[in-house]
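According to this note's numbering, the sequence shown is numbered sequentially starting from 12. Since the structure comes first, as structure tokens, the remarks are kept for the end.
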Amino acid sequence: MSEESEYQGKFILIKPWLVEIIKVVKKDLKNEHLKIDREFCKRYFMGKNILQIQPEEMAPAYEKDIAEGNLGLGEFIASRWLLKWTELYDYFESKLSAIQDDFEQLETLSSEQSLPIVEGASKEFGAKNTYIFSIFNSVVFPEEILAKLRERALTETDKVEEQQKKNKEAETMEKMQRRHERETSALKDRFEKKLSGLQKKYLRDTESLKKQISGLQKK
């Protein structure tokens, strides 16, 4: 497999998390790629302010360009994401060097060797990050281990998104409750002020009526 097709394959595998990956390296891409690559910007972001482009807009553009063979962009995104996860790299380096000193020369890992590494990394860093790291860094796990890790990563992502949705709904309800309380409080204040005004008017009218009655009695 050529290096170009290898990176195309990697980005197919991590597609469910590409927006999240772009969020992590967004600043690097804007400062070190989009400000320089005018043709790329012209092709995908014509008439848009680079500073205002969101990861959700960036992801499809980078996915398409990498799929068409832009190896450099694939390497750039992968390397910058990996740089954000030095602790995860240190974890893998420790575990793999325990198997072989020159771990970068490992051609394959057995299931027995792979499982403890995957379990430990998933527990500490999450299945999603462990999977993305394994793909970008070409960790030589058996295919069945990678497949199971990917399923765990997808399940983890679904749970996180579901929780985020619930949190957003709860936040919306809380905002509605606070708004209702503010409106109720304002309505109560207006009612109390109006009632106070009516009471004062009643007292004035009563006093005036008393004076009128007293005047009539004197006559």
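Glycine included, each C-beta is placed from N, C-alpha and C at the ideal position. Note that the coordinates shown come from a computational prediction; the quantities given were computed from them, not determined experimentally.
I think residue i touches residue j, with their Cβ atoms under 8 Å apart; what is that distance to the nearest whole Å?
i	j	result
VAL35	LYS95	5 Å
PHE152	LEU120	6 Å
ILE32	ILE146	Wrong, their Cβ atoms sit about 11 Å apart, outside the cutoff.
GLU167	LYS186	Actually they do not touch by this definition, with Cβ atoms about 28 Å apart.
CYS52	LEU45	6 Å
ILE110	VAL129	Contact flag wrong, Cβ pair sits at about 14 Å.
ARG161	SER133	Between SER133 and ARG161 the Cβ distance is about 12 Å, and since that is not below 8 Å, they are no contact.
TYR73	LEU84	6 Å
TYR18	LEU82	5 Å
PRO66	LEU165	Actually they are not in contact, since the Cβ atoms of PRO66 and LEU165 sit about 19 Å apart, beyond 8 Å.
VAL30	ALA70	5 Å
When burial is assigned at 16 or more other CB atoms within 10 Å of the CB, is residue i buried or exposed?
i	result
PHE22	buried
LEU99	buried
ILE47	exposed
ALA89	buried
THR183	exposed
LEU209	exposed
LEU40	buried
SER125	buried
VAL171	exposed
THR195	exposed
THR9	Since the first residue shown for the chain is 12 and the last is 230, residue 9 is missing from the structure and cannot be characterised.
THR141	buried
THR217	exposed
Is the CB of residue i under 9 Å away from at least one CB in chain B?
i	result
LYS179	Of the protein chains in this structure there is only one, and it is not chain B.
Inset, instruction - Only counting runs of 4 or more residues, tell me where the alpha helix (DSSP H) segments fall wholly within the segment 60 to 94, in order along the chain. - result: Counting only runs of 4 or more, we get 66 to 78 and 82 to 94.
Legend entry - Secondary structure, alpha helix (DSSP H): runs of 4+ residues fully inside the segment 105 to 146: 122 to 136
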